[in-house]
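Student: Attaching a single structure in structure tokens format; questions to follow.
Number of protein chains: 2
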Amino acid sequence: MTPTNLPPSTVHRPPSVVALAGGVGGAKLADGLARLLPPENLTIIVNTGDDFVHWGLNISPDLDTVCYTLAGLANAETGWGRKDESWNVFENVKNLGGEDWFRMGDRDLATHLERTRRLKTGEPLSAITRDFCLRWGIRPTVLPMTDDPVPTIVDTIEMGELAFQEYFVHQRCQPTVKGFRFDGVERAQPAPGVVEAIRSADVIVFCPSNPWVSIDPILTVIRALTPNPSPAGRGGQDSPPPQGEGTGVRAAVAVSPIIGGETVKGPAAKMFRELGIVPSSLAVARHYGREILTGFVLDSVDAEWSGEICQLGIQPFSTDTLMKTPEDRLRLAKDVLHFVESLL
Amino acid sequence: MTPTNLPPSTVHRPPSVVALAGGVGGAKLADGLARLLPPENLTIIVNTGDDFVHWGLNISPDLDTVCYTLAGLANAETGWGRKDESWNVFENVKNLGGEDWFRMGDRDLATHLERTRRLKTGEPLSAITRDFCLRWGIRPTVLPMTDDPVPTIVDTIEMGELAFQEYFVHQRCQPTVKGFRFDGVERAQPAPGVVEAIRSADVIVFCPSNPWVSIDPILTVIRALTPNPSPAGRGGQDSPPPQGEGTGVRAAVAVSPIIGGETVKGPAAKMFRELGIVPSSLAVARHYGREILTGFVLDSVDAEWSGEICQLGIQPFSTDTLMKTPEDRLRLAKDVLHFVESLL
Numbered sequence: 001m002t003p004t005n006l007p008p009s010t011v012h013r014p015p016s017v018v019a020l021a022g023g024v025g026g027a028k029l030a031d032g033l034a035r036l037l038p039p040e041n042l043t044i045i046v047n048t049g050d051d052f053v054h055w056g057l058n059i060s061p062d063l064d065t066v067c068y069t070l071a072g073l074a075n076a077e078t079g080w081g082r083k084d085e086s087w088n089v090f091e092n093v094k095n096l097g098g099e100d101w102f103r104m105g106d107r108d109l110a111t112h113l114e115r116t117r118r119l120k121t122g123e124p125l126s127a128i129t130r131d132f133c134l135r136w137g138i139r140p141t142v143l144p145m146t147d148d149p150v151p152t153i154v155d156t157i158e159m160g161e162l163a164f165q166e167y168f169v170h171q172r173c174q175p176t177v178k179g180f181r182f183d184g185v186e187r188a189q190p191a192p193g194v195v196e197a198i199r200s201a202d203v204i205v206f207c208p209s210n211p212w213v214s215i216d217p218i219l220t221v222i223r224a225l226t227p228n229p230s231p232a233g234r235g236g237q238d239s240p241p242p243q244g245e246g247t248g249v250r251a252a253v254a255v256s257p258i259i260g261g262e263t264v265k266g267p268a269a270k271m272f273r274e275l276g277i278v279p280s281s282l283a284v285a286r287h288y289g290r291e292i293l294t295g296f297v298l299d300s301v302d303a304e305w306s307g308e309i310c311q312l313g314i315q316p317f318s319t320d321t322l323m324k325t326p327e328d329r330l331r332l333a334k335d336v337l338h339f340v341e342s343l344l
Numbered sequence: 345m346t347p348t349n350l351p352p353s354t355v356h357r358p359p360s361v362v363a364l365a366g367g368v369g370g371a372k373l374a375d376g377l378a379r380l381l382p383p384e385n386l387t388i389i390v391n392t393g394d395d396f397v398h399w400g401l402n403i404s405p406d407l408d409t410v411c412y413t414l415a416g417l418a419n420a421e422t423g424w425g426r427k428d429e430s431w432n433v434f435e436n437v438k439n440l441g442g443e444d445w446f447r448m449g450d451r452d453l454a455t456h457l458e459r460t461r462r463l464k465t466g467e468p469l470s471a472i473t474r475d476f477c478l479r480w481g482i483r484p485t486v487l488p489m490t491d492d493p494v495p496t497i498v499d500t501i502e503m504g505e506l507a508f509q510e511y512f513v514h515q516r517c518q519p520t521v522k523g524f525r526f527d528g529v530e531r532a533q534p535a536p537g538v539v540e541a542i543r544s545a546d547v548i549v550f551c552p553s554n555p556w557v558s559i560d561p562i563l564t565v566i567r568a569l570t571p572n573p574s575p576a577g578r579g580g581q582d583s584p585p586p587q588g589e590g591t592g593v594r595a596a597v598a599v600s601p602i603i604g605g606e607t608v609k610g611p612a613a614k615m616f617r618e619l620g621i622v623p624s625s626l627a628v629a630r631h632y633g634r635e636i637l638t639g640f641v642l643d644s645v646d647a648e649w650s651g652e653i654c655q656l657g658i659q660p661f662s663t664d665t666l667m668k669t670p671e672d673r674l675r676l677a678k679d680v681l682h683f684v685e686s687l688l
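Here the protein sequences line up with chains A and B, keeping their order. Following my numbering, the numbering of the first sequence begins with 1 at its first residue and continues without gaps. Following my numbering, the numbering of the second sequence begins with 345 at its first residue and continues without gaps.
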């Protein structure tokens, strides 16, 4: 089967897709899906566990990466921030002795300033995001996982608990990870539209984002999975799990963020290792498990794991998953949708 | 007497000067004084009545204009903001539907961001200003008039009471002025160093700033003058007036912001007219009165008023007061200091 060679028009009656996304890899696949699906058939639910306040501003790095990518405004080289960016505010804040461990470009800063101003008026993040998307010409629905603060806390051996950006940017993922906590998740509500999107979706696609700190926060907010999965903790009472009774979801497919035992970007592989798990596509499939997943997309270089993934009760599908160019995003999105259709 | 032609070295034993300054004109004379006097002989007390919060940031327009001018960072053409400025944040905030009636450049914005961040930690404006001056290489002492909020409220016929920047920038000074109020001034304390600087000064120089909304707020905070001057209201009990018992001040000299019946920049002349007073150098001298002033510097084109100013009990001195170039600033500062020496 070579779905890559099939023209997009062969995607008949396109499925209704909910994509769960974190940062760069997630944004890229979401962009591929956005170019294939009618906008009303795609809702992207984005991790906000990495949101934080810096320079007094409310910053939503994953949400911005997804939106900038979909709007064609993203910096393709760094994977974060805006293209054609200038750094005049940052350089001058630095000259005044301000905090300079988190770089923010001038155009990017406008997003944080206007979001912060509107949040202070009491407007929820989801409404602000909807309006920003409209102004940026983004047609699929982009939803933060929740309007409530659910900061991801990384527990480390050397430094104890660290707020996510403190771990990720300030400490450059150096400390050894012991575990994760999604602070306040027990009080958080999914953002308006999240539950509805899941209920009416044919399929949920887990983009190739970090399972521990990008996808798990979303799953935890929608109460499908506890942060440290155990059979008892799976499948909450209040909200629909990705697959399950009471939802229209007929498939849930994850795309592995781990290729050949390593991550393209970010600390996912390092986190697996530090938690005592050999990082691999199989480890990612096991992390979610068959209670959550119907299918699993792994890279061709990892095709050797297909048998073991199948034995988990999850349908494997291997293809080229590395997204270096915009064409790669489209190609992978096509492959994922073809695979999904085979599962429905 | 042609003091302009005397070299700076003839200023022997330089006087200790406190300059009161508002925006552009005040900043220019302060800059001239800063180039003539040893830094320890100059303290500039700046109006903060026009401070306001915009985009969630604490903005001190007069303080910034004075500091940028002294640091050589000011935009000479606009009279506000920074030179070599870019507008990437502003344009992007505008694209997101944010408020765009108050323009802020990227470099300028860094000042507001870092000031706001530090104010939120509880640091007073005067301490933040001291540190910024150090980083910008400004050697004279620059003090905000107070660390407390004392917003200038402009009462207008058409729109009632307006916050100063709402009147000044958003409404472009169009509404007709009825009066002014310095909100909270009765609870405000002069910033640390203000009273001490005045007590140890030989002379107070009122820079050519708007009497109603730049100098009066400062005088009101130091309790030398009530906003609507009346004999009963002059000379408070708590703090030293510019001239008076208990202070070392031997002279107080104002430089007229009105030349030939008009202001170089800003609404001072319009304000005089709307309050029923013909705008002129004489009107400015009368506004302060001899209870406050020893001497008064007016432009050569207004020399005709010298006799009447003298009759007010205030020593007049006429010279070229227009400051178009950096050399003009130096020349006027020299003239003012020579005049001051003749009064001491």
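Just so you know, even glycine gets a beta-carbon here, dropped at the ideal spot from N, CA and C.
Is there a Cβ of chain E sitting closer than 7 Å to that of residue 106(A), yes or no?
Tutor: The displayed structure is made up of protein chains A and B, and chain E is not among them.
Student: I'd like to check one pair, residue 207(A) with residue 345(A): are the Cβ atoms closer than 7 Å?
Tutor: The requested residue 345(A) does not occur in the structure, where chain A is confined to residues 1 to 344.
Student: Are the beta-carbon atoms of residue 155(A) and residue 120(A) separated by less than 7 Å?
Tutor: no
Student: With 9 Å as the C-beta to C-beta threshold (strictly closer), list the residues of the stretch 98-126 of chain A near chain B in chain order.
Tutor: Listed in sequence order: 98, 99, 105, 106, 107, 108, 109, 110, 111, 113, 114, 115, 116, 117, 118, 120.
Student: Evaluate the contact criterion for the stretch 28-48 of chain A versus the stretch 95-112 of chain A: three or more CB pairs, one atom per stretch, below 8 Å.
Tutor: no
Student: Extract the residue ranges of the alpha helix (DSSP H) inside the stretch 410-454 of chain B, only unbroken runs of 4 or more that lie entirely within it.
Tutor: 432-439
Student: Quick one: what's got a C-beta closer than 6 Å to residue 643(B)'s C-beta in the same chain, skipping five residues either side?
Tutor: 603, 665
Student: Would you give the residue range spanned by the beta strand (DSSP E) that residue 166(A) belongs to?
Tutor: No beta strand (DSSP E) holds residue 166(A); DSSP gives it neither H nor E.
Student: Do the stretch 374-387 of chain B and the stretch 477-492 of chain B make contact, defined as three or more Cβ pairs closer than 8 Å?
Tutor: In short, these stretches touch, since the Cβ pair count reaches three.
Student: Can you tell me whether residue 192(A) is helix, strand or coil according to DSSP?
Tutor: coil
Student: For residue 279(A), which option in 211(A), 34(A), 200(A) has the closest C-alpha, if you only look at C-alpha atoms?
Tutor: 211(A)
Student: Can you pull the chain B residues whose beta carbon is under 7 Å from the beta carbon of residue 95(A), in chain order?
Tutor: 479
Student: Counting only Cβ pairs nearer than 9 Å, list the residues of chain B close to residue 41(A).
Tutor: Simply none; closest approach about 27 Å.
Student: Could you give the DSSP three-state label for residue 606(B): helix, strand or coil?
Tutor: strand
Student: Three-state secondary structure (DSSP) at residue 663(B)?
Tutor: strand
Student: In chain order, which continuous runs of the alpha helix (DSSP H) of length 4 or greater are located wholly inside the stretch 122-180 of chain A?
Tutor: The DSSP assignment places 125-136 as complete runs of the alpha helix (DSSP H) inside the stretch 122-180 of chain A, in order along the chain (cut-off: 4 residues).
Student: Could you name the residues that DSSP lists as bridge partners for residue 400(B)?
Tutor: Paired residue(s): none; residue 400(B) is not in a bridge.
Student: Give every residue of the same chain whose Cβ lies closer than 7 Å to the Cβ of residue 217(A), excluding the five residues on either side of it in the sequence, and list them in chain order.
Tutor: 47, 49, 145, 150, 152, 182
Student: Check each candidate in 201(A), 180(A), 34(A) and name the one with the smallest Cα separation from residue 215(A).
Tutor: 180(A)
Student: Under 8 Å: do the stretch 330-337 of chain A and the stretch 285-294 of chain A share three or more Cβ pairs, one atom per stretch?
Tutor: no
Student: For residue 375(B), does the three-state DSSP call read helix, strand or coil?
Tutor: Helix, per DSSP.
Student: Excluding five sequence neighbours on each side, which residues of the same chain lie with their C-beta closer than 8 Å to the C-beta of residue 327(A)?
Tutor: none
Student: Helix, strand or coil for residue 387(B), going by three-state DSSP, please let me know.
Tutor: Assigned with DSSP and collapsed to three states, residue 387(B) falls in strand.
Student: Kindly list, in the order they appear in chain A, the residues whose Cβ is closer than 8 Å to that of residue 433(B).
Tutor: 89, 106, 107, 109, 110, 113
Student: From residue 423(B) to residue 557(B), what does the alpha carbon distance come to, in whole angstroms?
Tutor: 17 Å
Student: Under 7 Å Cβ-Cβ, which residues of chain A neighbour residue 399(B)?
Tutor: 113, 117
Student: With a threshold of 7 Å between beta carbons, is residue 58(A) in contact with chain B?
Tutor: no
Student: Looking at the C-beta of residue 75(A), does it have a partner C-beta in chain B at a distance below 7 Å?
Tutor: no
Student: Please state if the CB of residue 107(A) and the CB of residue 402(B) are separated by a distance shorter than 7 Å.
Tutor: Residue 107(A) is positioned such that its CB atom lies no closer than 7 Å to that of residue 402(B).
Student: What does residue 132(A) reach in chain B if we use C-beta pairs closer than 8 Å?
Tutor: What residue 132(A) touches in chain B: 440.
Student: Report the CB separation of residue 629(B) from residue 653(B) in whole angstroms; it is logged as a contact under 8 Å.
Tutor: 5 Å
Student: Please decide whether residue 191(A) counts as near chain B, where near means a Cβ-Cβ distance under 7 Å.
Tutor: no
Student: Below 8 Å on C-beta distance, what does residue 86(A) contact in chain B?
Tutor: The contact set of residue 86(A) on chain B, defined by CB atoms closer than 8 Å, consists of 430, 432, 450 in chain order.
Student: Hey, would you say residue 195(A) sits closer than 7 Å to residue 220(A), going by beta carbons?
Tutor: no
Student: Between residue 92(A) and chain B, is there a C-beta pair that is closer than 7 Å?
Tutor: So yes, residue 92(A) belongs to the interface.
Student: Nearest-angstrom Cα distance between residue 429(B) and residue 287(A)?
Tutor: 51 Å
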